[in-house]
RNA sequence: GCGCCCGUAGCUUAGUUGGUAGAGCAGGGGACUCUUAAUCCCAAGGUCGAAGGUUCGAAUCCUUCCGGGCGCACCA
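In the working numbering, the protein residues as written are 160 to 741.
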């Protein structure tokens, strides 16, 4: 809790008002409000009430946050927000009595209240709850963002997702859709004989995808572990063990750039199906998505931007070769044989390419810049060149192709699948290829996983697999409103004030007094020689930078943690050392 | 990493060729018993991200720093 000095005028005003209400005998933070009816249910149950009509026999109890107030002397209207549904309240002096009415109208926007009353429809036609009595459930000490424009600032919206959700209920609705989608997907797969499994997130070797991993450390074992970049290799081990239809929905972690569609931690569904190839996976997907859409949205037609997307199967299958011919004017063979010409054709279509781009990268860029933007309706792009897909099984008719598809909807890659390699010797060769790339400086190259190869050597039934990231099947492609991100809590660059902060008392402070507000968990002082730590160096405030050292290639700085009462003094008493994560 | 842009009251913002800030919402006081971005009246709220510099004078121009956003690249 900040000291009074740090509060804005508005916050002081709210605290004073809260104290006043408490004096009048109001409990500021109640325990429960039960039974209660959700706003959504009230709105549907009484949708049939005619204008001006009231159902005085009914008693409703609704609860939520006051987000707007319209006073009319001896009457008042409120907007109560319950989740992402708003319902109007009407109160007047005649029903509540003067003291209760005055208290109600003096509440702050943002306060959470419970209200008992009956439903009626106003003369202007809005279904409302006529307040007969009310209870304060939680006092809000912070003013809400602007009621009409909502919270706009992107940074604040991501960092303070709670404020965003209060202020922009559309975001809450999108997240609820996403949640229902995942739930429906689970049921759909289970009904078709797939078993949900959980595989390690902490892995001794990161594998199954080409990406930079996050590293962490197991202290008891004194070994580095990696947060998984994909569950793939562990799911395949389960296939070896005999499970023939499995899937996992969970987080993957990739140490890459952060953007609206790329969170370093993201949810992904991976599915493995033994004894089939990518054709069955295509059928599964083109049947599953419309089915989920019907459950979650009640329709198989989606509005995405200006486009109407129809999910009904079958979706067209287009080979990469035919897509290249159509959009680039070159076949795959031509591109492979003459990358220079492919580069020229791409440049001619104003796609930026670099001289060192390989055949695989050129195909990738052509897909991304020329093909996907033009493929609006659900489509399977199939039969990728082998250079793009080191883990896929080769095509029976063309050794330079693999059995792989990507499903795209409205130009977005929704899923990626292939018939999986199950020859351990072949797999070993491809790992070794990756090892050479690693040696050549490719940070994303896959590590050779001996245990995984051993599993394959026992024999894995031929499987096909599907991977689908949540950005593909969440709001942006399922709903027309772009809400920024599909994540409940988007990752942000940590702020110095939000970074994990540890402090240990120094001699000086243990002799004097502890700072009034030491950072929480001020217990351990992590070894500063470990990567990724740096000093907090806020210029004047809680700490001051005292040294800048260099440890290996990592610049390190440690700081003195000051008792904040000592601010402004010439020689403040150091209360501890502070370091902060980069 | 590279490029472009931004930072003004709790929120949403205006600010002209440089003359030390003007609104709306929210908050305070008052009026109003069916409003819905309610309305009307009154008053209050700002070291214009920070520090330097140029200038008689800086929110505005310059430099540095801090915080952030958006493209591109990598990728889901």
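Glycine is no exception: its CB is placed at the ideal position from the N, C-alpha and C atoms.
Counting only the Cα atoms, residue 534 lies some 12 Å from residue 476.
Residue nearest to residue 357 within the set 428, 305 and 370 is 428 (criterion: CA-CA distance). Under the three-state reduction of DSSP, residue 337 is assigned to helix. For the alpha helix (DSSP H) assignment, the segment 547-591 encloses no uninterrupted run of at least 4 residues. Taking 8 Å as the cut-off, the Cβ atoms of residue 386 and residue 367 do not count as close. Residue 262 sits away from residue 287, with the two beta carbons spaced by 8 Å or more. In the DSSP assignment, residue 425 falls within the beta strand (DSSP E) that extends over 424-433. The straight-line gap separating the alpha-carbon atoms of residue 370 and residue 512 is approximately 21 Å. Comparing alpha carbon positions, the residue from 541, 457 and 244 closest to residue 340 is 457. For the set 489, 445, 400 and 536, the Cα lying nearest the Cα of residue 465 is the one of 536.
For residue 315, there is no enclosing beta strand (DSSP E); the residue is found in the alpha helix (DSSP H) stretching over 313-318.
In the three-state scheme derived from DSSP, where H, G and I count as helix and E and B as strand, residue 606 is classed as coil.
Boundaries of the alpha helix (DSSP H) harbouring residue 498: 498-507, taken from the DSSP string. Burial of residue 593 is indicated by the presence of at least 16 other C-beta atoms within 10 angstroms of its C-beta. Sequence-distant Cβ neighbours of residue 377 in its own chain, meaning closer than 6 Å and more than five residues away, are 384. The beta carbon of residue 497 is closer than 7 Å to none in its chain, skipping five residues each way along the sequence. In the DSSP assignment, residue 188 falls outside any beta strand (DSSP E), carrying neither H nor E. With a threshold of 16 other beta carbon atoms within 10 Å, residue 432 meets it and is buried. Taking each of 583, 578 and 538 in turn and checking the Cα distance to residue 565, the smallest one comes out for 538. Boundaries of the beta strand (DSSP E) around residue 272: 271-280. Straight-line measurement puts the Cα of residue 243 at about 33 Å from the Cα of residue 182.
Secondary structure note for residue 299: it is in no alpha helix (DSSP H), with a DSSP letter that is neither H nor E. Leaving aside the five residues that flank residue 575 on each side, the residues in its chain whose CB is nearer than 7 Å to its CB run, in chain order, 565 and 626. In the DSSP assignment, residue 462 falls within the beta strand (DSSP E) that extends over 460-463.
Straight-line measurement puts the Cα of residue 202 at about 25 Å from the Cα of residue 451. Around the CB of residue 527, fewer than 16 other CB atoms lie within 10 Å, so the residue is classed as exposed.
Secondary structure of residue 626 (DSSP, three-state): strand. Excluding sequence positions up to five before and after residue 561, its CB lies within less than 7 Å of the CB of 543, 545, 548, 551, 552, 553, 554 and 577, all in the same chain and listed in chain order.
The Cβ-Cβ distance between residue 208 and residue 279 falls below 8 Å. If you look at residue 236, you'll find it in the beta strand (DSSP E) that goes 234-241. Cβ neighbours of residue 504 within its own chain (closer than 7 Å, five residues either side excluded): 487, 488 and 489.
For residue 264, the enclosing alpha helix (DSSP H) starts and ends at 257-265.
Counting of Cβ neighbours within 10 angstroms places residue 617 among the exposed residues, the total staying below 16.
Within the same chain, Cβ atoms closer than 8 Å to the Cβ of residue 518 are found at 494, 495, 498, 501, 544 and 546, the five residues on either side in sequence being excluded. Remark: C-beta atoms of residue 269 and residue 225 approach each other more closely than 8 Å.
Burial is judged here by how many other beta carbons sit within 10 angstroms of a residue's own beta carbon; residue 323 has at least 16 and is buried.
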